[in-house]
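Here's the structure we're looking at; comments come further down.
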Amino acid sequence: MDWFSLIIILVIILIILGLSIRIVNQYERGVVFRVGKVIGVKEPGLRLIIPLIDRMVKASLQIVTMPIPSQKIITEDNVSIDVAAVAYFKIVDPYKAVVEVENYSRAVNQISQTTVRSVVGQFNLDEILSETPKINLKIKEIIDKHSEPWGINVTTVEIKDIKLPDTMKRVIAMQAEAEREKRAKIIAAEGEYLSATKLGDAADIISQHPIALQLRIMQVLNQIAVEKNSTIIFPAPLMNSITDIANFLKEENKEAVDKK
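Here the sequence shown stands for residues 1 to 260, numbered as in my numbering.
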């Protein structure tokens with residue numbers, strides 16, 4: 001056998017090996033078809049197939065992040081909004097993902113879009129804005145139910161963007177402002193009620209002790225005098241009150257001395 005024939009044989013062997021050897025990565029599984037029939041799912045590593053007879057289709061087991069495009073949705077209370085979402089899914093059964101559906105990624109994308117439109121349309125605008133986790137869970141359960149026969153597990157679905165019409169934004173802003181004003185008025189009314197209650201209690205105490213009113217007047221005058229920018233005129237009744245206070249203090253001091 002000459003060198004030329006040997007080289008041809010070596011080339012043919014290398015071509016056969018190149019067609020036979022398949023490398024399956026750790027995050028992949030290889031579904032092997034032999035003459036159109038599935039003969040098994042290959043685990044990660046170096047795998048051999050029969051050239052021209054066997055065919056290997058690899059399926060990735062990594063989690064896929066799939067954006068759900070923004071679409072117009074009419075809510076239950078007839079408000080038009082644009083909703084965009086994102087879904088996370090992965091293959092749990094490579095055999096079903098390859099055999100049961102033509103293109104699992106496109107299939108999940110389409111069922112996700114229709115499910116988001118259907119589920120969000122069942123809620124009114126306030127519920128969509130305030131109960132997003134509940135809506136996300138319902139969307140995930142429906143998509144997962146449809147994708148389970150394809151060997152797909154939907155891990156998470158999240159609504160990531162909700163666009164409202166400009167007129168609705170203004171209405172919501174007015175509603176929020178009115179709500180804040182209502183709370184402010186309620187708080188102010190509660191403060192007035194507590195203040196009136198305390199003033200009533202103070203009036204009852206002063207009515208039982210007339211001298212307390214005079215002391216309070218003196219305290220107020222003392223606070224005013226701190227600024228030193230006001231002229232205070234003492235009316236005659238007030239001067240009499242001051243005299244009464246002085247007499248009261250003298251009597252108290254006298255009684256204290258007698259007791260000693």
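By construction, the Cβ of each residue, glycine as well, lies at the ideal position given by its N, Cα and C atoms.
Treat the numbers as computed from the prediction; the structure is a model and nothing was measured.
Separation of residue j from residue i, as counted between CA atoms
i: SER60; j: SER130; result: 36 Å
i: LEU46; j: VAL35; result: 21 Å
i: LEU6; j: GLU28; result: 38 Å
i: VAL99; j: VAL38; result: 9 Å
i: TYR88; j: THR132; result: 17 Å
i: ALA236; j: ASP204; result: The predicted position of ALA236 is uncertain, since its pLDDT is 46 and thus under 50; no value can be drawn from it.
i: ILE16; j: PRO51; result: 7 Å
i: THR65; j: GLU158; result: 11 Å
i: ASN78; j: SER195; result: 47 Å
i: ASP161; j: PRO67; result: 11 Å
i: ASP54; j: PRO94; result: 17 Å
i: ASP2; j: VAL11; result: 15 Å
i: GLY40; j: LYS134; result: 40 Å
i: GLU261; j: GLU76; result: Since the first and last residues shown for the chain are 1 and 260, residue 261 lies out of range.
i: ILE8; j: ILE21; result: 20 Å
i: ALA184; j: LEU199; result: 22 Å
i: ALA189; j: ASN136; result: 41 Å
i: ARG170; j: LEU164; result: 10 Å
i: MET174; j: GLN110; result: 38 Å
i: ILE13; j: MET56; result: 20 Å
i: GLN208; j: ARG216; result: 14 Å
i: ILE186; j: ASP201; result: 23 Å
i: GLU192; j: LYS182; result: 15 Å
i: GLN122; j: PHE33; result: 44 Å
Integer Cβ distance of residue i from residue j, believed to fall under 8 Å
i: SER70; j: VAL83; result: 7 Å
i: THR156; j: LYS138; result: Their Cβ separation, rounded to whole angstroms, is 13 Å, which puts THR156 and LYS138 out of contact at 8 Å.
i: VAL24; j: PRO44; result: 5 Å
i: TRP150; j: VAL101; result: 4 Å
Candidates the options, of which the one nearest residue i by Cα
i: ILE73; options: ILE49, TYR27, LEU14 and ASN124; result: ASN124
i: ILE91; options: ASN136, ASN153 and LYS182; result: ASN153
i: ALA107; options: PRO165, LEU10, ILE143 and GLU76; result: ILE143
i: SER147; options: THR75, ILE21, TYR104 and ILE186; result: TYR104
i: THR167; options: SER80, ASP2, ASN136 and GLY121; result: SER80
i: LEU19; options: ILE49, ILE8, PHE33 and ILE9; result: ILE49
i: ALA97; options: LYS182, GLN122 and LYS58; result: LYS58
i: GLN62; options: ASN222, GLN26 and GLN122; result: GLN26
Local conformation of residue i per DSSP, three classes
i: ALA236; result: With a pLDDT of 46 at ALA236, under the threshold of 50, the modelled position of that residue is not reliable, and the figure given next carries that caveat. Note: ALA236 maps to helix in three-state DSSP.
i: GLN190; result: Correcting the residue type first, residue 190 is Glu in the shown sequence and not Gln. Helix.
i: ASN153; result: strand
i: ASP204; result: helix
i: GLU141; result: helix
i: THR65; result: strand
i: GLY121; result: coil
i: GLU28; result: strand
i: LEU48; result: strand
i: VAL108; result: helix
i: ILE9; result: helix
i: ILE53; result: coil
i: ASP166; result: helix
i: GLU283; result: As displayed, the chain neither begins before 1 nor continues past 260, which places residue 283 out of reach and without an answer.
i: VAL92; result: coil
i: ASP77; result: coil
i: GLY36; result: coil
i: ASP2; result: coil
i: VAL41; result: strand
i: VAL86; result: strand
i: LEU19; result: helix
Quick check: the stretch 170-185 against the stretch 104-123, are there 3 or more CB pairs under 8 Å? Counting Cβ pairs under 8 Å, fewer than three are found: no touch.
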